[in-house]
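Notes for the one structure printed next.
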Amino acid sequence: MFDSDVIALILSIICTNDNQIDQIADGVNVLMSVVALANLIDNLTLDTEGKQNDNQKQLKKANASLTQELKNEMGDGTSAPY
């Protein structure tokens, strides 16, 4: 990403007056903010999806363990504690 000083220098070379420079610089700043926000949302989405997948894996393991434990208790001729 460009430094704001570099952008200002480029704009001063390209533009003919200060008003144009200010307008373009404002647009660039808004665009940079939008990109930063989009990246933040994307990162948070990936983080959330990763945590959801981890939680689902843990729940599946716990369910499998509990199911096996219940089968073992039922197979031993003992009744389930419920």
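Per the working numbering, the very first residue in the sequence shown carries number 164; after that it's consecutive.
Virtual Cβ for every residue (Gly too), placed ideally from N, Cα, C.
| query | result |
| --- | --- |
| Could you compute how far the alpha carbon of G190 sits from the alpha carbon of I176? | 17 Å |
| For Q231 and D166, I'd like the C-alpha separation in whole angstroms. | 60 Å |
| DSSP state of N180, grouped into three classes? | coil |
| Helix, strand or coil: how does DSSP classify D217 here? | helix |
| Mind reading off the beta-carbon distance from A188 to L172? Whole number of angstroms is fine, and I expect it under 8 Å. | Their Cβ separation, rounded to whole angstroms, is 11 Å, which puts A188 and L172 out of contact at 8 Å. |
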